[in-house]
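Just add 118 to the spot in the sequence shown (first one is 1) and you have our numbering. Built from N, CA and C at the ideal position, the CB exists for glycine as well. Computed from a prediction, not measured in an experiment: that's the story for all the values here. Here the structure is laid out as structure tokens; the discussion comes afterwards.
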Amino acid sequence: MLAGATIAVLALMNQTQKPAASAVGNTEEVEEEHEQALIQAYYDYMFELQKNPFTGELTFADVYAGRMEVLEKQAASTRGGLLEWEFMGPNNVGGRTRSILIDPTNPSRMYAGSVSGGVFITDNGGLSWYPSPGTETMENINISSMARTANGDIYIGTGEDFLVGIPPFDGTSSETHRFTGNGMYKSTDGCQTFTQLSATEPTPGVLGTSSGVDWAYVYRIATNSSDANLVVAGHNGGLQYSTDGGASWTFCTNTTSGEMDLSPAIEVVFDAEGRLHAIYGNRYYRSVSAADPFTLELTGEGLPTSSIGRVVLAVAPSNSNYVYAYVANSARQMQGIYRSTDGGATFGVISPEASDLFNPPGDQGNYNLCIAVNPADENRVYVGGQIDSWTWKSSTGAWTPMSNSGYPEYFAKYIHADHHTIVFHPTNPDIMYFGTDGGISRTTNARADYPDFGTLNKGYSTYQAHGVSIGFNGEAMAGSQDNGTQYVNFLGNSDLEALKVLGGDGGRGEISKIRPEYLIASFVDFSGGSSNGGALRRSVNGGSTMGSFFDPNIDGGTDPDGLPDGGGEFVAAYTMWENWDLYETFSALLTDDSVEYPAGSGIYYFTGDVVNYEGRDIEMTRSGINESRFVLGSGANV
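Shown next, in the form of structure tokens:
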């Protein structure tokens, strides 16, 4: 059944929507394949560095053995006590957020779980945040999920497994870079302190084996408002429940195959009647009854049964008969959005097929996929994805775009890219929060046709830095996951506020110690603007503008013969070499400095190409190459 499969389009809303794979031309397909090859080459390299040298594998057992060794050495060392760490910023940029929890007794108090920063707390509805004191005692701060019981106890799940295009962690290949967790933690004092639930602590197993470890990734936690001791967790080892506050756990069962202990349970939610809804092994299950919530049946007629990549669920708080399923296929694109009006027995599709205009998850459906139902209206649903978010009303049958990450951050239709969770205020159905790769966004008019949003990241210091450079006067610059390169230069509204000098997924950067206005930054280019997957940029004005680091002829797009090479631009590790004696000439070396190479070493160079830098022409000449050394001369010649 197709219900309401129409789209209402704002003129500007979808300009940056990435096309569906079925509509991508041959050139873009080649670029995508090349980008994936570059990513895979990096994973292969890191795997060779990190694998167990005796087994040739990197398994869960190896990861946990290494983690415990580090913790034991830290506990035995006295040197760490001499170090005092101080936060350097940025205090205005948030990081990847997969969980938001609101205290129903005091909605101004909220908790947010970041994959790279632990638990943060706000006491003013998100206007400002501070880190939970208890986070410092947690052995793992890769927060994936949170839930609160009726008495105020808070459960925290760790480990992130929703990554783009990566198969399960089996230890035998380089595709083993997930953020492995450490089971579950519990707080009974509003996240001031945490206790690890020992029954959920992963067991490393035998070194070198490729078997999985239960509780390495806790995908979802669900609680029942009527029982403070009841908690359910979906993790990589199956679906389990506890009736004693997390002290012991039992596997749920299903009427088809018995214990649900063979496949990941990536989604679990209670409805208002006390019935459990879950995604186990990428299939939809629900409790046979509210009186027996831990016996589930395979149901959901009308939902897809094959080529499924990921499924997320939402049950209407106002009417438990309304269940929504948002499905990404095995190619990570939208397979469909479905609705049930009979409590999950049958589903009908309410979305059109994926197209250039409507494909919310883009090609990252296993990574960015979330859905929620308005608590006051079971017929109003909201979905998030890669670039834009959408809303649907059954009264019109139309899908309407709400936001787009291509807009400036101060624009009312902006939400950062890559959406992971949507949460409503417990008493006000007009207040809705998004957790994204860029932190937290909020609207206060969620039931409007076109809601307005604002970013709430003040103090939410969960920025995932990939590398840090320090300036001569204490400035700091770092590239990050999906938040570009941020520069703390002490010129913002506060000393720790950062200036974004480069976008995308940032890499290493450098700040000149001689001329601090000179910056070097790098990023991975997945936008389609580059066919070689990466770029190095520089600024001569403190990050106000960034330009190409290389002349187009020598930026990695061509081999020395001038022909395209298909290789990456400058994406390897690098550093800046400066000489204090001759900075006014913009040269990094004195004329008599040299770097020796063994005789017979091969050196790539261009002849006849002229590079203009700061008004000076620099030309490579064959006479500048000597048998065993590379000579830098003066007079604008090299």
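- In this chain, the alpha helix (DSSP H) harbouring phenylalanine 178 covers 178–194.
- By a beta-carbon distance limit of 8 Å, glycine 625 contacts valine 642. Their separation comes to about 7 Å.
- Each residue's CA atom was taken as its position, placing arginine 457 and isoleucine 549 some 23 Å apart.
- Between the C-alpha atoms of glutamate 377 and leucine 315 there is a straight-line separation of about 22 Å.
- Within the segment 317–372, the runs of beta strand (DSSP E) that reach at least 3 residues and sit entirely inside it are, in chain order, 336–342, 345–353, 356–360.
- Around the beta carbon of threonine 253, 16 or more other beta carbons lie within 10 angstroms, which makes this residue buried.
- Linking glycine 502 to proline 171 through their CA atoms gives a straight-line distance of about 42 Å.
- Remark: C-beta atoms of glycine 480 and isoleucine 455 do not approach each other more closely than 8 Å.
- Using a Cβ-Cβ distance cut-off of 8 Å, the segment 201–219 and the segment 551–563 are in contact, since at least three pairs of beta carbons, one from each stretch, lie closer than that value.
- Valine 429 is positioned such that its CB atom lies closer than 8 Å to that of alanine 443.
- If you check the CB distance, serine 559 and histidine 543 do not come in under 8 Å.
- Looking at the DSSP output, threonine 518 bridges to Thr509.
- The beta-carbon separation of aspartate 271 and alanine 346, rounded to 7 Å, stays under the 8 Å limit for a contact.
- For glutamine 453, the enclosing beta strand (DSSP E) covers residues 452–458.
- Ranking Val541, Gly515, Pro547, Ala564 by CA distance to the CA of lysine 531 puts Ala564 first.
- For alanine 494, the three-state secondary structure derived from DSSP is coil.
- Boundaries of the beta strand (DSSP E) around glutamine 604: 603–606.
- Nearest Cα to asparagine 601 within the set Gly592, Thr306, Lys618, Gly577: Lys618.
- Closest in alpha carbon position to threonine 177, among Thr196, Thr298, Thr368, is Thr298.
- When only Cα atoms are considered, tyrosine 229 and valine 181 end up about 29 Å apart.
- Note that the C-beta distance between tyrosine 440 and threonine 459 is below 8 Å.
- Linking threonine 306 to arginine 655 through their CA atoms gives a straight-line distance of about 48 Å.
- Across the set Gly399, Tyr528, Pro493, the C-alpha of Pro493 shows the shortest separation from the C-alpha of threonine 545.
- In the displayed model, alanine 616 falls within coil according to three-state DSSP, outside both helix and strand.
- Between the C-alpha atoms of threonine 573 and threonine 374 there is a straight-line separation of about 46 Å.
- Under DSSP, histidine 395 forms a beta bridge with Val387, Arg404.
- The shortest C-alpha to C-alpha distance from phenylalanine 238 to any of Pro222, Asn260, Pro547 is the one to Asn260.
- Under DSSP, no beta-bridge partner is assigned to leucine 315.
- Going by DSSP, alanine 446 is part of the beta strand (DSSP E) stretching over 441–447.
- Relative to isoleucine 540, the option among Glu204, Ile220, Glu190, Asn400 whose CA is nearest is Ile220.
- Taking C-beta separations shorter than 7 Å and ignoring five residues to either side along the sequence, the partners of glycine 420 in its chain run Tyr456, Thr464, Phe465, Gly466, following chain order.
- Taken through DSSP and simplified to helix, strand or coil, arginine 197 comes out as helix.
- By a beta-carbon distance limit of 8 Å, proline 225 does not contact alanine 616. Their separation comes to about 30 Å.
- Per the coordinates, the alpha-carbon of methionine 186 lies some 15 Å from the alpha-carbon of threonine 255.
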